[in-house]
């Protein structure tokens, strides 16, 4: 049986980059310990190309803040048709706007 290939997307360009790298590395190590094949991706503006290069079965989204939790990368994952952890595009976008989220 082949190992499921998980791309752990971390880092990114938000002010929360450093904590994302730490939490992403922790997730990657835990996945490897559970016998998954893991690719670590430090998300750049060329994230789509980075993901296409490793061709994962699923993405573990360890990004924090703008770009990672606001629907942006979720849209990239959906356009590439790669399953991912985290809420979808709309839910992520709404949740980042705390004032609007409280109205729902």
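Numbering (the working numbering), first residue to last: 642 to 745.
Ideal placement from N, C-alpha and C gives every residue a C-beta, glycine not left out.
Cβ-based burial, residue 686 [other Cβ within 10 Å; buried from 16]: exposed
Contact set for residue 691: own chain, Cβ-Cβ below 6 angstroms, skip 5 residues either direction: 682
Alpha-carbon spacing of residue 662 relative to residue 710, whole angstroms: 15 angstroms
Distance between residue 643 and residue 743 (C-alpha atoms, nearest Å): 44 angstroms
Same chain only: Cβ atoms within 6 angstroms of residue 700, ignoring 5 sequence neighbours per side: 648, 650, 718, 723, 725
Span of the beta strand (DSSP E) around residue 661: First-last for residue 661: 658-674, but that is the alpha helix (DSSP H), not the beta strand (DSSP E).
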